[in-house]
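Here is the structure we will look at, set down as structure tokens.
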Amino acid sequence: MVVAALTAGLVSPVAAQAAPAVQEQGQGQGQGPLRAITLITGDKVMVDEQGALVGVEGRPGAQFVRYVQEDHQYVVPEDALDDLAQDRLDKRFFDVTAMNDFGYDDTKIDRIPLLTNGLRASAAIPKAEAAQRWAQRQVGVQSADKIWLDGKARITLDQSVPMVDAPGAWQAGFDGSGVTVAVLDTGYDQEHPELKDVVVAAQDFTGEGVVQDSVGHGTHVAATVAGHGAYTGVAKGAKLAIGRVCGTWECPESAVIAGMEWAAREVKAKVVNMSLGGDQSDGSDPLSQAVDRLTAETGTLFVVAAGNAYTFRKVSSPAAANEALAVANLTKQGALAESSSRGPRFGDYAVKPDIAAPGTDIVAARAKGTLPDEAVDELHARLTGTSMAAPHVAGAAAILAQRNPTWTARELKAHLMASVKPVADTSANVGTGLLDARRAVEQQNVRADVGSLSFGLVAWPHTAVHEKTITYRNDGDQPVTLQLQHDLGADFTVPSSVTVPAHGTAPVVVQLDPRKGLGTFFGHVKATAEGVSLITSVGAYVQEERYTLTVKMTGRDGKAPLSGYALLVDLKTGESSALNANAEGVGTVRLPVSDYAVLTRINEYSRLAGWYTPVSVTQAAGKVSMTKDVDVELNAKDGKPITIALDDGAVRPLHREIDLSVPRLPSKHGGVSGSIEGSTPVYALPFGDPLPELDYSTTLKAAQPRVSVGEFGFPVRYTDSSPFLPPGAHKWRTAARDGDVKGALVVVDSGDEDLYTLAQQLKDAGAAAVLLLGPQPFGGPPQTALPVLSASDHGAVELVKQLGREVTINAIDSSPISYNLFYPERGTLPSGKTYQVKKGELAEVKVRYRSSGADGLVRQRLYPMLDGTAAGRMAVLLDEALVAPVARSEYYSAGNGIGWYQEGFIGRMFGEDARDPLVGVWSDLAPVTFQPGKQYRRDWGAAVAAPRLNGTSMVQWALGGGVTRSGNGIQAEVSPFATATAVESWVATASGSMELKRDGVSLGTAYSPWEGWWEAPAEPGRYELSLNATRSAPQLELSSDVSSTWGFTSAATAEGKLPLLQVDYDIPLDIRNSARAGVPLPVRFTVARQAGAGTATVRELKAFASFDQGATWVPFKSVVPRGGKPGGYVSLRVVASDTEGNTIDQTVLKAYRLR
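Going by this note's numbering, the first residue of the sequence shown is number 2, and it counts up by one from there.
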């Protein structure tokens, strides 16, 4: 759902430890934990806390193009390129920047909202089902001409009403009487005296069932249109219809469209004000299309705020609609407001905005209990933005509609635009000029048929003169001669005058000769006569020199590839274009003169039961100079292999990632990447000029497969919904689903199967297990009745597809060893290179994945980093499932700036009723670097997990996590369950709160154990910050209840860390976080101030243990005394202070287990 945003400018609602006698702890770099955004294809894009693209968790075998356009990052799966090229899908489904801005990451919503059926119907796809629906094309692509993301827009009179000369129109007898203006916004204050008897209809479209304004924006806008009282609205005689389409500062597009339909069709409003907007648009988005459609069908004029994006070509949706009257924001001095979105229109360079009005420091009605920081008094607030400018124009439109009740929306729009006051700014940012309500109602006899002429994008090459026409109309009884002036420059030709006959029309042809100059042009044609002043905006973008790049691709089999695409990246600007090959393997694109990186992938496919899976991948990269038409021919047979050679016969290559990118450019992103089976051959094909800007990497996960087939151990996989096989060798006969399946491994073509139903049917028939041929389905239903495996490794497929033979399925819980290999290259594509893997050149990590409750699945996810960050390149990820607890050896590529960032998902990725539901995520505080040939130790999930002052992420830690103060503001970003090296950045069942007191008086409670903010007096005071948090899950029995109370003294200060203490625990526990009952246990506590707050000298430390979950406590110094019984728990409490009076009192119930 695109949420239209209200466009007022006041807010934008917008531990690696050394092994003994070996080596020291790994060094942290810099990179935060990640969030996932599920695409409509089911692939998950990973972003950091700033929304920067980090990586992709793709469907098995998925390939991707990523690029930047207009500062937005896109990740497009290969199998969606054709749907985009054919305009069947909204490209915002793959716009990572927009999806993140809309709040559509997987921590916030579990469905992908969309619009279908001519933008009149909203729907949603569960993210857990997205991949399956995409594979079956059950996402609406076939049933609708196009499907759109249901995104979000944002909600964007003392001096301003006279400024547009509304009083002059009133004096002429026109105040909007008899005209209804609809305001689609946040609702209105039903008790506000200045809107009393003004509102004649109101309806909610947010689903909340109320029209009362809890934000304040809608009330302010409505009163600017037609309010009565101290600050009278522009159309003081008009009536209002209020459509509440925004519950907060964000507005679902589906709600906005529903409100538009209501206003135009049911209310039959002559004018609709929309002080809201989405992202920049070329007018093809759902909201803009709805404006154009409803204007044509009903004659309603939509007046829309242009947006508050500050920069050029940023006029937002739906102001970008052809029929919308888009309004820019002027200050009361007549200058363009800094925040007002500039033109021309994105994409085609059409003239936008259309007109300007005052929108800065506008005083109008204030809804009760809203806008405290903007309040002028109890009833009024002062706001700034194009949101405030638009209702001035809507009010003037109502006045003009009263004057001319038969005029169409186009006539109203054109005349308001023409009847303006000129302003000093003559750029494409203010339209025709400043709204003049009096002039619009007074000059009636002579008018123009359009308010602007858009030559738009004039494409290269330039061989002819272009023409556009303004038609002037004279409704008077005498002919009128108009004197014509323009400021368009020598590229344009305009007649000096034109005579318009009485009751007739006269055309004026404006000519543009693009051969005289290139670039963006904007100006005005002004027609004057006695009592007449009509201004028309004119704009054009004369395109620079461009040439055609043609890329012809041939697969390794000598045929046109089933899939071939290229990314073209301008090496000067970083802007990207995608090229998709047709059925003949040929793709073309027009490009400006520049040097380009051409990054290409040619996949050779084998069809496996409805899935196409790569049997080889050829990557090509080179540079071309576009000073003429260029042809590039790429034959995959000319590629040479890129090989990773392992010297450990006990493991198999499970998962390989390959990445081509040019990150050291202004856009930072641009490349092609993908995930393939570890055994899939990869070839490289350099071409053209050298490309020093290139980054290449190949990444491999090798381990013993959890499930494999045959003596060689070809890897197969569990589907996401499958129960696990008991460890050991399982010998089964293979059978087809329609054969004798009793006691058999049933081999099924992967495709559109309902796995839950299929597995149940086969179990009822006596089958032992199911094996799908082809990549595993992504996501799935609750646990299937039988183990369901998938095979896309071609060795495994060849072995099992011969039905009737006996095969061995080998199962283990966890691989005892893994290799995590990352080979980055800069400035070269390593054609023909072999990376020889030697254990002695890797870092060895002896790692324990501990259990804090029931044994269960843990998904290890690794992100390789280079030089401390993944920014500027798409980090790939390596994913492996384990069953905790487990101890094993992991080998890592090391040195040369390589680092590794690790996350662990406790449980699977979907479904509360699924096997091993996801209950928590832990992550590194920072990527860790290792040295080649050295050995390390790491512990994951080690007790004690307790509140720690580092926020829930490394980004918070680095940028001010913990507890900080700036002036009078105190902010807390705390991880309630953390150790010294890792945090649990998400816990499904966690809840809690934080309260801050000053000198014993509460300053408020934050109902979150992770973050809070309080305003405190400037004077020194004694503070107590208390945190309480709980969690409960079978896998997370320990640290069930935690609390901390920190005492400190503070006063107003420049931004900095406050001197809060924190406790770290070092307890010799086993891999299940347990100790022997009845045996004393040494414990080491470390008390220090939070990072960045200086050092502390501990004055006092007291420790207590409880064997009855806090009912009674036993003091101890450094050894927990005997107590408790096997199967019980030990709880801990630590009370400490330093010499400067800072204190901590921390309690952890069920800190560890007893055995």
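Glycine is no exception: its CB is placed at the ideal position from the N, C-alpha and C atoms.
Given a threshold of 16 other Cβ atoms within 10 Å of its Cβ, counted over all protein chains shown, does Ser967 qualify as buried or as exposed?
As a position in the sequence shown, residue 967 is number 966, starting the count at 1. Ser967 comes out exposed.
Please classify Trp958: does DSSP put it in a helix, a strand, or coil?
For the purposes of this step, residue 958 is identified with residue 957 of the sequence shown, where counting begins at 1. In this predicted model, Trp958 has a pLDDT of only 37, less than 50, meaning its place in the structure is not dependable enough to derive any value.
Kindly indicate which residue of His218, Arg367, Arg314 and Leu919 has the alpha-carbon position closest to the one of Pro341.
Counting from one through the sequence shown, the residue named residue 341 turns up at place 340. According to the sequence shown, residue 341 is Ser rather than Pro. For Ser341, the nearest C-alpha among the options comes from Arg314.
How about Thr181 and Val199: are their beta carbons less than 8 Å apart?
Residue mapping note: residue 181 aligns to position 180 of the sequence shown, counting from 1. Residue mapping note: residue 199 aligns to position 198 of the sequence shown, counting from 1. Result no, Cβ atoms of Thr181 and Val199 do not sit closer than 8 Å.
Return the chain-ordered list of same chain residues with a C-beta closer than 8 Å to the C-beta of Pro502, the five sequence neighbours on each side being excluded.
Residue numbering aside, residue 502 sits at position 501 when the sequence shown is read from its first letter. So the list reads Asn475 and Pro480, once near-sequence residues are dropped.
One question on the structure: do Thr482 and Thr500 come within less than 8 Å of each other, judged by their Cβ atoms?
Walking along the sequence shown from the start, residue 482 turns up at place 481. Walking along the sequence shown from the start, residue 500 turns up at place 499. Yes, the pair counts as a contact, with Cβ atoms nearer than the cut-off.
Taking C-alpha atoms, which residue in Ile907, Asp868 and Ala895 lies nearest to Glu881?
On the sequence shown, residue 881 is found 880 positions in, with the first residue counted as 1. Nearest C-alpha to Glu881: Ile907.
Identify whether Ile643 lies in helix, strand or coil by the three-state DSSP scheme.
Here the question's residue 643 lines up with position 642 in the sequence shown. In the structure shown, Ile643 sits in coil (DSSP, three-state: anything other than H, G, I, E or B).
So, for Thr1006: in the same chain, excluding its five sequence neighbours on each side, which residues have a beta-carbon less than 6 Å away from its beta-carbon?
Numbered from its first residue, the sequence shown carries residue 1006 at position 1005. Within the same chain, Thr1006 has close Cβ partners Ser994 and Glu996.
Count the other C-beta atoms from every protein chain shown that fall within 10 angstroms of the C-beta of Asn1, then say buried if there are 16 or more, exposed otherwise.
Any answer about residue 1 is impossible in this case: the structure gives the chain only from 2 up to 1156.
For Arg343, name the three-state secondary structure that DSSP assigns.
In the sequence shown, the residue the question calls residue 343 occupies position 342. Coil at Arg343, not helix or strand.
Same chain only: Cβ atoms within 7 Å of Arg1100, ignoring 5 sequence neighbours per side
Locating residue 1100 in the sequence shown gives position 1099, counting from the first residue. Taken in chain order, the residues that qualify are Ser1138, Asp1139 and Thr1140.
Throw me the rounded Cβ distance for the Tyr566 and Val66 pair, which I believe falls under 8 Å.
Start at 1 with the first residue of the sequence shown, and residue 566 comes out as number 565. Start at 1 with the first residue of the sequence shown, and residue 66 comes out as number 65. Yes, they are in contact, since the Cβ atoms of Tyr566 and Val66 sit about 6 Å apart, within 8 Å.
Look up Tyr473 in the DSSP assignment and say whether it is helix, strand or coil.
Locating residue 473 in the sequence shown gives position 472, where the first residue counts as 1. If DSSP states are grouped into helix, strand and coil, Tyr473 belongs with the strands.
When burial is assigned at 16 or more other CB atoms within 10 Å of the CB, is Lys1151 buried or exposed?
Translated into positions along the sequence shown, residue 1151 becomes position 1150. Looking at its Cβ environment, which holds 16 or more other Cβ atoms inside 10 Å, Lys1151 is buried.
Who are the Cβ neighbours of Glu545 in its own chain at under 6 Å, not counting the five residues just before and after it?
Residue 545 sits at position 544 when you count from the first residue of the sequence shown. Excluding residues within five positions, the ones whose Cβ falls inside 6 Å are Leu519 and Pro593.
Terminal residues of the alpha helix (DSSP H) in which Gln762 lies
Sequence index remark: in the sequence shown, residue 762 carries index 761 (1-based). From DSSP, the alpha helix (DSSP H) with Gln762 extends over Leu756 to Asp765.
Do you know how far the Cα of Ala730 is from the Cα of Tyr606?
Residue 606 sits at position 605 when you count from the first residue of the sequence shown. Residue 730 sits at position 729 when you count from the first residue of the sequence shown. Roughly 32 Å separates the two Cα atoms.
Among Val1080, Leu1062, Phe347 and Leu1070, which one has its Cα closest to the Cα of Gly1142?
The residue labelled residue 1142 in the question sits at position 1141 within the sequence shown. The candidate whose alpha carbon is nearest that of Gly1142 is Leu1062.
Other residues of its chain near Lys240: CB distance less than 8 Å, five sequence neighbours each side excluded:
On the sequence shown, residue 240 is found 239 positions in, with the first residue counted as 1. Hits under 8 Å: Val180, Thr181, Val182, Val199, Val200, Val201 and Ala227.
Please identify the residue among Val510, Val742, Arg860 and Ser819 whose C-alpha is closest to the C-alpha of Thr721.
In the sequence shown, the residue the question calls residue 721 occupies position 720. Residue identity check: residue 721 is Asp in the sequence provided, not Thr. Selected option, being the one with the closest Cα: Arg860.
Residue span of the alpha helix (DSSP H) that contains Gly414, given as start and end
As a first step, residue 414 is located in the sequence shown; it is residue number 413 there, counting from the start. Checking the displayed sequence, the identity of residue 414 turns out to be Lys instead of Gly. Start and end: Ala410 to Ala419.
Quick one: residues in its chain with C-beta nearer than 6 Å to the C-beta of Val789, no 5 flanking neighbours on either side, listed in chain order?
Numbered from 1 along the sequence shown, position 788 holds the residue referred to as residue 789. Around Val789: Thr720, Ser723, Leu756, Ala760 and Val771.
Just curious, the alpha helix (DSSP H) that Thr965 is in, first and last residue?
For the purposes of this step, residue 965 is identified with residue 964 of the sequence shown, where counting begins at 1. Per DSSP, Thr965 belongs to no alpha helix (DSSP H); it is in the beta strand (DSSP E), Gly963 to Gly968.
Using the Cα positions of Gln30 and Arg1154, report the straight-line distance between them to the nearest angstrom.
Working through the sequence shown from its first residue, we reach residue 30 at position 29. Working through the sequence shown from its first residue, we reach residue 1154 at position 1153. The predicted position of Gln30 is uncertain, since its pLDDT is 34 and thus under 50; a value taken from the coordinates is nonetheless stated next. Their Cα atoms are separated by approximately 34 Å.
Short Cβ contact (8 Å threshold) for Leu580 with Gly672:
As a first step, residue 580 must be located in the sequence shown, where it is residue number 579. As a first step, residue 672 must be located in the sequence shown, where it is residue number 671. It is not a contact, given that the beta carbons lie outside the stated cut-off.
Do you know whose CA, among Gly559, Thr521 and Met627, lies nearest Thr551's CA?
Your numbering for residue 551 matches position 550 in the sequence shown. Among Gly559, Thr521 and Met627, the Cα nearest to that of Thr551 belongs to Met627.
Between the Cα of Ala946 and those of Pro716, Thr1031 and Ala1094, spot the shortest distance and give me the residue it belongs to.
Position 945 of the sequence shown, counted from the start, is the residue given in the question as residue 946. When each option's Cα is compared against that of Ala946, the closest is Thr1031.
Pull up the distance between the alpha-carbon of Gln957 and that of Gln972, whole angstroms please.
Position 956 of the sequence shown, counting from 1, holds the residue named residue 957. Position 971 of the sequence shown, counting from 1, holds the residue named residue 972. With a pLDDT of 41 at Gln957, under the threshold of 50, the modelled position of this residue cannot be trusted; read the value that follows with caution. Answer to the nearest angstrom: the Cα atoms are 12 Å apart.
Whole-angstrom distance between Lys271 and Gln139, CA atom to CA atom:
As a working mapping, residue 139 is identified with position 138 in the sequence shown. As a working mapping, residue 271 is identified with position 270 in the sequence shown. Only weak support exists for where Gln139 lies, its pLDDT of 48 falling under 50; the value from the coordinates is given anyway. Distance between the alpha carbons of Gln139 and Lys271 is about 40 Å.
With a Cβ-Cβ cutoff of 8 Å, do Gly675 and Gly59 count as a contact?
As a working mapping, residue 675 is identified with position 674 in the sequence shown. As a working mapping, residue 59 is identified with position 58 in the sequence shown. Yes; because the gap between Cβ atoms is below 8 Å, this pair is in contact.
If we count the other Cβ atoms within 10 Å of its Cβ and call it buried at 16 or more, is Tyr864 buried or exposed?
Within the sequence shown, numbered from 1, the residue matching residue 864 stands at position 863. Result: buried.
Buried or exposed for Val1043, please, with buried defined as at least 16 other CB atoms from any protein chain shown within 10 angstroms of its CB.
Position 1042 of the sequence shown, counted from the first residue, corresponds to residue 1043. Val1043 is buried by the Cβ-count criterion.
Determine the DSSP secondary structure at Met261, reduced to helix, strand or coil.
Here residue 261 is taken as the residue at index 260 of the sequence shown, counted from 1. The answer is helix: DSSP assigns Met261 an H, G or I state.
When the Cα atoms are used, what is the spatial distance from Tyr684 to Leu692?
Position 683 of the sequence shown, counting from 1, holds the residue named residue 684. Position 691 of the sequence shown, counting from 1, holds the residue named residue 692. Tyr684 and Leu692: Cα-Cα distance of roughly 18 Å.
Short of 6 Å in beta carbon distance, which residues of its chain neighbour Thr521, apart from the five on each side in sequence? Order them along the chain.
Position 520 of the sequence shown holds residue 521. Counting only Cβ-Cβ distances below 6 Å, and skipping sequence neighbours, we find Tyr542.
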